[in-house]
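Data block below; observations after.
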Amino acid sequence: MIASDVLVAQNVGFAIIAALMIFGALRVVTTNNVVHAALWLVVVLAGAAAQYILLAAEFVAVTQVMVYIGAVMVLFLFGTMLTRARIGAEKDLNNKNWYIGLPVAGLLLVTILIALKDGFGDEKMPADADLFTVAQVSDLIFGPYLLPFWALSFLLLAAVIGAIVLARRD
Amino acid sequence: MSVVAAETAEVVLSSGWFLENAFIIPIIPAVAFALIIFFGKRMPMKGSEFGIASMVGALVMSVGAGYQWIQRVNGAPEEAYIEPIIRTWTWWQNGGIPLGIGQHIDGLSIVILIVVAFISTLVQIYSTEYLHGDRRYTHFFASLTLFSAGMLNMVVAENMIQLILGWELMGLCSFMLIGHWWEDGANSRAALKAFFTTRTGDIGLLVGTSVLYFAANDWTQKTLGVSGFSIRGLSAWALSGEPSSTAITVGAVALFIAAIGKSGQFPLHTWLPDAMAGPTPVSSLLHSSTMVVAGVFLVARIFPVFYEGMNIYGSNVNFIIVIGAITIVIAAALAFVQTDIKKVLAYSTVSQLGYMMMGLGAGAWLPAVFHIFTHAFFKACLFLAAGSISHSASHHSFDMKKDMGGLRKFMPITFGTWIVSTLALAGVFPFSGFFSKDEIIDNVGYAGYTIFMWVGLLGAFMTAAYMTRATYLTFFGAPRGAAAGEHHDEHDAHGHDAHDDHDAHATHDAHAAHDAHGHDAHASHGPRESGPLITIPLIILATLAMGSGLLNAVPFGSEWENFKKWIEPRGQVVSVTGIDHSAGSHGESRVIQPEARVTAGYESDCGKKTPTDGVCYAPQLKHAKFKWSKAALSLAIVAAGIIISWFVSVQLYTRRNKVLVGLTQRNKLLGAGYAFLVNKYYLDVLYEKIIVRSIAYPISRGAYWINQNILDGIVNGAGTGSKTIAGWVYRNIDQRVVDGAVNKSGDAAQGAGSIVRPVQSGKVNQYGALLFGAAAIGALVLVIINT
Amino acid sequence: MFVNQFLMLAAILFCIGVYGVIVRKNAVLVLMSIELILNSVNINLIAFSLRNGSADGHTFALYVIAVAAAEVGVGLAMVLLMYRNRRSVGLDELSGMKG
Amino acid sequence: MEVLSDNNWVLTVGTFLPLVGVLIMLFIPKADEALAKAVAIITAAATLAVGIFTLVKFDYDKADQMQFVAEAEWISVIKSSYFIGLDGISLPLYFLSMVITLLVMIYSWNHVPSPGNAKAFFALMLILQTGMAGTFIARDLVLFFVFFELVLLPMYFMIGVWGGENRQYASLKFFLYTMFGSALMLVAFLALFFQTGAESFSIPYLIEEGINIPKNTQIWIFAGMFIGFAVKVPMFPFHTWLPDAHTQAPTQGSVILAAILLKLGTYGFVRIAIPILPEAAKEWAPWIGLLAVIGIIYGALGCLAQTDMKRLIAFSSVAHMGYVMLGISTLTEFGMNAAMFGMVAHGLITGMLFFIAGSVKERYHTLEIKRLSGLLVQVPKLGWILGFSAMASLGLPGLAGFWGEFPAILSAYQPAEGLPVGVFRTYMVIAAIGTVFAAAYLLWLYQRTAFGEPTAEFSSGHGHDHGHGHGDDDAHSDIHDVNKFEWIAWTPLLIAIVVFGVYPQLMFKVLDPAVGVTLKAFGG
């Protein structure tokens, strides 16, 4: 009973958050103001974090909040500031290929939805799933997935150097 | 004979202070070196007194040691093995194993010690006059003294590492001494070449030492309680039947390569003649009598290793003997075409070293060592005589054809000593050369190496011939050039002998020497005899060149063979009970049995079958029976050489005989041969022009290019790579160069085919659209297939 | 909770992102759209890892986040350079790759 | 392992005393340079005094054990503790770092490179000193890492501020390169930490536990450490930062870099990578050996191609560290001893060479080999010292260089069992050939710079009957022979080179037992 309540609550929560996210996402790709777009993106990212919590992934959620909303968004805002003189709405943020964009996106969406429909039907999440501890994740990172981890650190290093070299004035 | 063994079992070998402390001998000049460096300039004689004093001290100690060694030998029974005097101190350690430094004194080391100390003394005395007033007089004596320290240290060396120490020190000193007048590029180049060539040979030394160490160490530690570096250990191990044939062969070959480099054997002999760029005393000491025999000494020192490794006696040809024989002939041939008197002597040195090597290769250990002994005296004498000529007669030129001739009237003493030494070198009876060289040839034949015996005889003929030529050009005929008192200046010195630039160097450095001398007196008057400081050493050496052969005058019967008795290690089995195994005690001195007892039977012959009760330190060596018939043959050959050469020289140089003069110009074949010789078989071309050049320039440049462009490129790629991408984007954005960009990407597009060309709108968004559109369609297809 | 609800949410976000990538002209906005896509993928990963009861998905989600961060960094740096060079971040002036 | 922890304050004091000096220097006005220098040098001297005290108190019969051990809680969260100690392997390097720092400072008394600001310069050197000494005594991976990185920044500023024309590039390259290395190293440390049950970072503990790590994981972890250390050594092909850093760095920077910093890498191998991960070490040894011999030949070729004296010396470091790494890769006592000895010898000799290069630069304002000639004529003492150092560097027996070079070659003949013998014997021959190359480039350098007459542009005003080029004597007025600060700074090095060359047992006695312990895992 209680479990079902919880489930209900979960579903409600999911619905609200999902709706928010979708709306936010749409605004991100449609608004005429870069700064607003960034802020809407924050909404989406935060929603994603919330979804992670629903999906029993606290750690990822926290990381999401820290990395994205903490770091990436700041980056975006900085990028906006640095690349644009004035903040505010303006006309030519979009180009003229919405007539390509809509069909492509639509087609993709339809296809995927169909695939998912007959892929998973109404399969349910395991209700009594216990949380994944950080320890489990770290074991994986430093165990079987050590190699990709290194690859990743290389990538980050390269990114750091690249960013420095690119952004330096010379 | 075993009866003898029984009663001699209790004999105790005598020893003495000089023998026990022979390790001090190299330390004396080492200290003197430091003194010269620090205080030399302030001393009245500019530091030379330190050098000479130290040399005298070393000489005294060596002679003392020699005397006591003779006592030791005489005190021992006939055939008994004479225990060397070995002392070690811990020098360094590894894995708890102490590795020593110390002394290994036996007959061989005694002989070389005396020779080195003696000749060094004379040469230093000689130099006080010869380099008087030189700009770097003090440095010269410092290097000379350090050299003696190195050589003496190598001779007393107890183990291979210590030997390498001395070996490399000598290399360094010869670098400094050859380049003594380094203001002239030619000299410093010659110095570089000498050091570099010997260093190349030293690869063999390092490798060989390593190989032998690891092969022998366990056995030596177990049996003798010494490390695998120890000379004693290596000798015993080599004869113990332990070693795997590959290990010992590789080791022996590697070490012999080092010997080739140091002793100027073919094909690494090319540095020695160039080394004549150094001052004459240096040529006399380093490059004739002492340093260059280091290679020979190495082979003689651990002869058992080569004996087993090269399978001497066991086969009728081996590496050592072949190299030796080749060296004899090619060097002698080269001596014919030299116009520089020092180069003639240099090649003759190379050739004589070839004799020593051939002797060792044929198992004629004793004659070879004896030849080191005699050769040191007469070759040093010849060089000093040449120096005396250039010093006093030919105005610092060494060119026989230009600046000499008819000097016998002006400098009788130099002439006399020269003649004596020449006869000794040619091997004329009863001069010392005869007793050593002839013995080598004889024993080579006796040991069954018949072909090489004939090579030796051929060498004897050539030796006699080229020495006669040199003598004639120098002392007979009419005085020429500087000998005639005229002073030719630097320029025509450069001009002459265009085909052989090394002569140009020699003359050139003569001028450097002359600048160094400061006093220009020679220009004024003609040739004259040199001062006593030069002539007295000459006389002493000449006397020894005459008499030293009698130390081992085989022809006069066995009672004359003192050298054999004192020096040659006797191939007897020695029981190892005598040797204390208290090895590895850190620090303090470790005396291995100065008074080893002589036991075991004599009939067991080392080197033929493996010793059972004990170890062998030396193989039993064969000795040829002397026959006057054989001696007569070689003497006849020598005489023929002298006479023919004399006749030719007279015809060629004085009578200007039409048939002979310019023969090489007229006759193609001879001309070619002449050019071939003058260019030293083009080996230098191979080494310098091809190998060294290619490494020094293209290869290293190439490697460096890789470094800068590929490795560094990869590294910078992390940073500048993304930068270039950005730059590329920027360039393409930039309208001014848009055409070039169009062409560039146009090429890319053509690769894709001109149908898709319109798709290449260059708009990122469209690319994205295409990407995702394609993805969508692909997904659709999959979905349709799967459902 | 259905598995699909998450997957479909992800799909929708993904497509919105795709749309953004295609229609947006401002480079910064394009980057944002790409972020949307990456997030939708993350949601998928997490969802599946819950469904399969293994933490691998989490690991990779983390990796993806890291990669995304790097990508934004470099991307913005390039945008910056581009802006510095020609006072605009409009992507469709970038027609240099035109064939 | 049993540890001796009597007067355990010594190491801490010896390590952090320089920082105290820095604190004092903060209160000195920037203008008062002499005072700043004096304070700095006094601090360094005091540090050295502590070092000498350590040297005296060190129990040489127990050189195989850690001494002066001090252990204290540090970052208990990650189970890392302040754990320091000294054994036969660390002692020479620890002491060397102190000596070099002091000598460099004395040298800097009248050689502060532009743009001046002696205060900052000396302060940086003191900080460097702490970092270096700390690295050699750390017995805890985190501590080690902290010190290891602490060295980085001062050197970065030294090159970036006081360096040559191209210093920006060089310093950035040095910094990023090393950062990149240490990043992987840190990952490897963490992996090690977790693989051994996240119990402790202390090296002895990890040596106990490390053997139990599955081999494949070991290999990966070792790879991480390998790159981290190899960059520092530097090994081919990670060496490209070295020539730039050396060429651009001020003399003092080059000396410290060559004498101590490069040793951090090799030390890391000997102290951490190999004893903790023996299995992986065995797997990697042939490859390390290969890179080492490539480095030997390749560095030599690089030298032959140089036209700049300092850059040539820098490349020679690559070759010499190749010998060190070859010794290490054999995993035998011979090799390790040789490597350790080689480190110290290389520190002394190459440090000396860089000093000389600096002084030549100061006198001639160039290091172009073409333009330098006849040093022996104009500055004879400097010329002879150059010759001496060159001889030492090419491994002449009787000087320190030989004892790092020859045993390394020797050891390659018989590597630890389990390693491919044939391969290593090939390495041995190649390394032996390398010695000839060493002779070639060093003597060639010497012949071209020291011998002959000075080139026209510098010979003017020196009474040589040569074309008085453009006779601006003010340019040549500073061509003087070795001055007294240089004598003070150089004499100890020269003496050390001779002493260790003549009686190597001085150091082998200390190294050998400790090395034996390090190689326990290989039945050494």
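Chains as they are written, first to last, in the UniProt record's numbering: chain Z, 1 to 170; chain E, 1 to 787; chain Y, 1 to 99; chain P, 1 to 524. Cβ atoms here follow ideal geometry from the backbone N, Cα and C, with glycine treated the same way.
Query raised in the report: Between P/Arg363 and P/Glu457, is the Cβ-Cβ spacing less than 8 angstroms?
Result: Walking along the fourth sequence from the start, residue 363 of chain P turns up at place 363. Walking along the fourth sequence from the start, residue 457 of chain P turns up at place 457. Cβ atoms of P/Arg363 and P/Glu457: not closer than 8 angstroms.
**Report entry** Residue closest to E/Ile706, alpha-carbon to alpha-carbon, out of P/Ile488, P/Gly302, P/Pro454 and P/Ala338
**Finding:** One-based indexing of the second sequence puts residue 706 of chain E at position 706. Nearest option by C-alpha distance: P/Gly302.
Query raised in the report: Per DSSP, what kind of secondary structure is E/Gly571 in: helix, strand or coil?
Result: By 1-based counting over the second sequence, the position of residue 571 of chain E is 571. E/Gly571: coil per DSSP, three-state reduction.
**Report entry** Contact under 8 angstroms by Cβ, E/Leu272 with E/Thr349
**Finding:** By one-based count along the second sequence, residue 272 of chain E stands at place 272. By one-based count along the second sequence, residue 349 of chain E stands at place 349. Their beta carbons are under 8 angstroms apart, which means E/Leu272 touches E/Thr349 by this criterion.
Query raised in the report: Hey, quick one: how far does the beta strand (DSSP E) through P/Ser373 stretch, first residue to last?
Result: By 1-based counting over the fourth sequence, the position of residue 373 of chain P is 373. That residue, P/Ser373, is in no beta strand (DSSP E); it is neither H nor E in DSSP.
Query - DSSP three-state assignment for E/Gln265, whether helix, strand or coil - result: On the second sequence, position 265 is the one that residue 265 of chain E refers to. In this structure, DSSP gives E/Gln265 a state outside helix and strand, which the three-state scheme calls coil.
Query raised in the report: If you run the structure through DSSP and keep just helix, strand and coil, what is E/Arg528?
Result: The residue you call residue 528 of chain E lines up with position 528 of the second sequence. Of the three classes helix, strand and coil, the one that applies to E/Arg528 here is coil, per DSSP.
Query raised in the report: Quick one, which residues of the segment 25 to 52 of chain Y are near chain Z if we go by CB-CB under 7 angstroms, in chain order?
Result: Lys25, Asn26, Val28, Leu29, Met32, Ser33, Glu35, Leu36, Asn39, Asn42, Ile43, Ile46, Ala47, Leu50 and Arg51
Query raised in the report: Buried or exposed: Z/Ala18, going by 16 or more other Cβ atoms within 10 Å of its Cβ?
Result: Taking the first residue of the first sequence as 1, we reach residue 18 of chain Z at position 18. Classification for Z/Ala18: buried.
Query raised in the report: Between E/Gln221 and E/Trp365, what straight-line distance do the alpha-carbon atoms span, to the nearest angstrom?
Result: One-based indexing of the second sequence puts residue 221 of chain E at position 221. One-based indexing of the second sequence puts residue 365 of chain E at position 365. Distance between the alpha carbons of E/Gln221 and E/Trp365: 28 angstroms.
Query raised in the report: Closer than 8 angstroms, Cβ to any Cβ of chain E: which residues of the segment 494 to 511 of chain P, in chain order?
Result: Listed by position, the residues of the segment 494 to 511 of chain P near chain E (Cβ gap below 8 angstroms) are Tyr503, Pro504, Gln505, Phe508 and Lys509.
Report task. Spell out whether any CB of chain Z is found under 8 angstroms from the CB atom of Y/Leu85. Result -> In the third sequence, the residue the question calls residue 85 of chain Y occupies position 85. The residue asked about is misnamed: residue 85 of chain Y is Asn in this sequence, not Leu. Output row for Y/Asn85: interface = no.
Query - Cβ of Z/Thr111 within 8 angstroms of any chain E Cβ - result: For this step, residue 111 of chain Z is matched to residue 111 along the first sequence. It does; some Cβ of chain E falls within 8 angstroms.
Report task. Rounded to whole angstroms, what's the CA-CA distance from E/Leu635 to E/Thr468? Just pull it up for me. Result -> Residue 635 of chain E sits at position 635 when you count from the first residue of the second sequence. Residue 468 of chain E sits at position 468 when you count from the first residue of the second sequence. Answer to the nearest angstrom: the Cα atoms are 15 angstroms apart.
Query raised in the report: Between the C-alpha atoms of E/Glu129 and P/Pro454, what's the straight-line distance to the nearest angstrom?
Result: Translated into positions along the second sequence, residue 129 of chain E becomes position 129. Translated into positions along the fourth sequence, residue 454 of chain P becomes position 454. Approximately 30 angstroms between the Cα atoms of the pair.
Query - Neighbour list for Y/Val79 in chain E, Cβ cutoff strictly below 9 angstroms - result: Counting from one through the third sequence, the residue named residue 79 of chain Y turns up at place 79. Chain-order list of chain E residues neighbouring Y/Val79: empty, with the shortest C-beta distance near 10 angstroms, by a criterion of under 9 angstroms.
Query raised in the report: Touch check for the segment 246 to 266 of chain P and the segment 324 to 343 of chain P: three-plus C-beta pairs under 8 angstroms?
Result: yes
Query raised in the report: How close, in whole Å, do the beta carbons of E/Phe192 and E/Ile302 come, if the pair is a contact with beta carbons under 8 angstroms?
Result: In the second sequence, counting from the first residue as 1, residue 192 of chain E sits at position 192. In the second sequence, counting from the first residue as 1, residue 302 of chain E sits at position 302. In the sequence as displayed, the identity of residue 192 of chain E is Leu instead of Phe. The Cβ separation is near 30 angstroms, so there is no contact.
**Report entry** Under 8 angstroms between C-beta atoms of P/Leu17 and P/Ile84
**Finding:** Numbered from its first residue, the fourth sequence carries residue 17 of chain P at position 17. Numbered from its first residue, the fourth sequence carries residue 84 of chain P at position 84. No, the Cβ-Cβ distance between P/Leu17 and P/Ile84 is not below 8 angstroms.
**Report entry** Short Cβ contact (8 angstroms threshold) for P/Gly228 with P/Ala191
**Finding:** Numbered from 1 along the fourth sequence, position 228 holds the residue referred to as residue 228 of chain P. Numbered from 1 along the fourth sequence, position 191 holds the residue referred to as residue 191 of chain P. Going by C-beta atoms, P/Gly228 is not nearer than 8 angstroms to P/Ala191.
Query raised in the report: For a contact meaning CB atoms closer than 8 angstroms, what does Z/Val104 contact in chain E?
Result: Walking along the first sequence from the start, residue 104 of chain Z turns up at place 104. Near Z/Val104 (Cβ distances below 8 angstroms), the residues of chain E are Ala769, Phe772, Gly773 and Ala776.
Query raised in the report: Is Z/Leu54 buried or exposed, if buried means 16 or more other CB atoms sit within 10 Å of its CB?
Result: Position 54 of the first sequence, counted from the start, is the residue given in the question as residue 54 of chain Z. Buried is the call here.
Report task. Could you have a look at E/Trp628 and say whether DSSP puts it in helix, strand or coil? Result -> Numbered from 1 along the second sequence, position 628 holds the residue referred to as residue 628 of chain E. E/Trp628: helix per DSSP, three-state reduction.
Report task. Specify, as a first and last residue, the run of the beta strand (DSSP E) that E/Tyr313 falls within. Result -> By 1-based counting over the second sequence, the position of residue 313 of chain E is 313. Taken as a continuous stretch (DSSP letters only), E/Tyr313 belongs to no beta strand (DSSP E), as it is neither H nor E.
**Report entry** Reduced DSSP category for E/Cys606 - H, G, I as helix; E, B as strand; rest coil
**Finding:** Translated into positions along the second sequence, residue 606 of chain E becomes position 606. If DSSP states are grouped into helix, strand and coil, E/Cys606 belongs with coil.
Query raised in the report: What whole-angstrom Cβ distance do E/Met398 and E/Ala386 have, given they're in contact under 8 angstroms?
Result: For the purposes of this step, residue 398 of chain E is taken as residue 398 along the second sequence, with counting starting at 1. For the purposes of this step, residue 386 of chain E is taken as residue 386 along the second sequence, with counting starting at 1. Per the sequence presented here, residue 398 of chain E reads as Phe, with Met not at that position. Going by Cβ atoms, the distance from E/Phe398 to E/Ala386 rounds to 7 angstroms, so yes, they are a contact pair.
Query raised in the report: Listed from N- to C-terminal order along the chain, which residues in the segment 135 to 163 of chain P have their beta-carbon within a distance smaller than 7 angstroms of any beta-carbon of chain Z?
Result: none
Query - Among E/Gly179, E/Gly261 and E/Ala332, the one whose alpha carbon lies nearest that of E/Gly278 - result: Reading the second sequence from its first residue, position 278 is the one you call residue 278 of chain E. Of the listed residues, the one whose Cα sits closest to E/Gly278 is E/Gly179.
Requested in this report: Return helix, strand or coil for E/Phe175, following the three-state DSSP convention.
Outcome: One-based indexing of the second sequence puts residue 175 of chain E at position 175. E/Phe175: helix per DSSP, three-state reduction.
Query raised in the report: Considering only C-alpha positions, which residue in the set E/Pro304, E/Ser530, E/Pro44 and E/Ala545 is nearest to E/Tyr137?
Result: Working through the second sequence from its first residue, we reach residue 137 of chain E at position 137. Considering only E/Pro304, E/Ser530, E/Pro44 and E/Ala545, the residue with the shortest C-alpha distance to E/Tyr137 is E/Pro44.
Query raised in the report: Could you give the distance in angstroms between the alpha-carbon of P/Glu405 and the alpha-carbon of P/Pro504?
Result: The sequence position of residue 405 of chain P within the fourth sequence is 405, counting from 1. The sequence position of residue 504 of chain P within the fourth sequence is 504, counting from 1. A straight-line Cα-Cα distance of about 13 angstroms links P/Glu405 and P/Pro504.
Requested in this report: State yes or no: is the beta carbon of Z/Phe132 nearer than 8 angstroms to at least one beta carbon in chain P?
Outcome: Numbered from its first residue, the first sequence carries residue 132 of chain Z at position 132. It does not: the Cβ of Z/Phe132 has no partner Cβ on chain P nearer than 8 angstroms.
Requested in this report: Mind checking the segment 39 to 50 of chain Z against chain Y and listing, in chain order, the residues whose C-beta falls within less than 7 angstroms of any C-beta there?
Outcome: Leu41, Val44, Leu45 and Ala48
Requested in this report: Have a look at P/Leu150 and P/Gln129 and give me their C-alpha separation to the nearest angstrom.
Outcome: As a first step, residue 150 of chain P is located in the fourth sequence; it is residue number 150 there, counting from the start. As a first step, residue 129 of chain P is located in the fourth sequence; it is residue number 129 there, counting from the start. Near 10 angstroms, if we compare the C-alpha coordinates of P/Gln129 and P/Leu150.
Query raised in the report: Which residues in the same chain have their Cβ closer than 7 angstroms to the Cβ of P/Ile106, if we skip the five residues on either side of it in sequence?
Result: For the purposes of this step, residue 106 of chain P is identified with residue 106 of the fourth sequence, where counting begins at 1. Hits under 7 angstroms: Ile41, Phe485, Ile488 and Ala489.
Query - Neighbourhood of P/Phe53 by C-beta, 6 angstroms cutoff - its chain only, sequence neighbours within 5 removed - result: The sequence position of residue 53 of chain P within the fourth sequence is 53, counting from 1. Counting only Cβ-Cβ distances below 6 angstroms, and skipping sequence neighbours, we find nothing.
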